[in-house]
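In terms of my numbering, the sequence shown opens at residue 37 and continues consecutively.
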Amino acid sequence: MLEGIDVKLNCDFIKNKDKLISNCKNIIYTGPIDEYFDYKYGPLEYRSVRFEEETLNEVNYQGNAVVNYTDFDVPYTRIIEHKHFEFDSTSPKTVISKEYSKKWELGEDPYYPINDDKNNALYQKYLNEALKLRNVHFGGRLGAYKYYDMDKVILEALNYISLVGDKDE
Numbered sequence: 037m038l039e040g041i042d043v044k045l046n047c048d049f050i051k052n053k054d055k056l057i058s059n060c061k062n063i064i065y066t067g068p069i070d071e072y073f074d075y076k077y078g079p080l081e082y083r084s085v086r087f088e089e090e091t092l093n094e095v096n097y098q099g100n101a102v103v104n105y106t107d108f109d110v111p112y113t114r115i116i117e118h119k120h121f122e123f124d125s126t127s128p129k130t131v132i133s134k135e136y137s138k139k140w141e142l143g144e145d146p147y148y149p150i151n152d153d154k155n156n157a158l159y160q161k162y163l164n165e166a167l168k169l170r171n172v173h174f175g176g177r178l179g180a181y182k183y184y185d186m187d188k189v190i191l192e193a194l195n196y197i198s199l200v201g202d203k204d205e
């Protein structure tokens with residue numbers, strides 16, 4: 037899948053942006069679009085999360101990998117039970133992570149865009165800048181500043197491939 041693709045690890049794209057862009061025919065950027073443009077219009081707002089992990093003396097805590105909690109009186113938004121991802125269903129213990137929503141601050145990992153009128157208008161300014169670039173393509177939750185479920189991410193990637201195809205080769 038990566039044949040002919042130059043992969044760089046442990047490289048901060050933003051700090052090396054000019055050099056990387058000048059050496060690449062095309063870049064798919066999935067980081068925050070506002071960070072890419074050095075926050076020239078101000079930072080977009082995001083929601084962040086914090087995780088609390090627990091090891092439990094139970095074979096199975098919730099029966100599957102992820103359960104979302106939407107009740108007002110439950111302080112976390114989801115519980116992830118890792119053994120369902122890692123295929124270790126025989127262990128007498130299980131590890132869970134509780135995900136708590138929190139306000140995002142610049143410098144922290146952004147998780148979810150806040151798509152209100154103010155942020156959508158600000159995103160439009162960044163999108164207008166992005167559309168001027170020929171070889172940088174913005175995608176994913178942070179590059180497109182919208183929440184995606186995994187099926188939508190895959191669909192967007194397939195649609196993008198069908199639009200771009202081999203025309204740049």
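Note that CB positions come from ideal geometry on N, CA and C, so glycine has one too.
Taking C-beta atoms as the reference points, V102 and I115 count as a pair closer than 9 Å. Following the DSSP letters along the chain, one finds N156 inside the alpha helix (DSSP H) bounded by residues 153 to 166. Between the stretch 164 to 175 and the stretch 127 to 137 there are fewer than three inter-stretch CB-CB distances shorter than 8 Å, so the stretches are not counted as touching. With a beta-carbon spacing of about 15 Å, Y75 and Y65 fall beyond the 8 Å limit used to define contacts. The beta-bridge partner set that DSSP reports for N52 is empty.
Sixteen is the threshold: since fewer than 16 other Cβ atoms of the shown chains lie within 10 Å of the Cβ of I190, the residue is exposed.
For H118, same chain residues with a beta-carbon under 6 Å away, outside a window of 5 residues either side, are V131 in chain order. Assignment of S133 by DSSP, reduced to helix, strand and coil, places it in the strand class. Judged by DSSP in its simplified three-state form, L45 adopts coil rather than helix or strand. E192 carries a helical assignment under DSSP once its states are collapsed to helix, strand and coil. With 16 or more other CB atoms across the displayed protein chains lying within 10 angstroms of its CB, D70 is buried. With respect to the 9 Å criterion, W140 and E81 are classified as neighbours on the basis of their beta carbons. DSSP places R177 in the helix class (H, G or I) of the three-state scheme. Under DSSP, E39 forms no beta bridge with any residue.
Out of N62, L38, H120, Y183, the CA that lies nearest to the CA of R83 is found in Y183. Bridge partners of Y147 according to DSSP: none are assigned.
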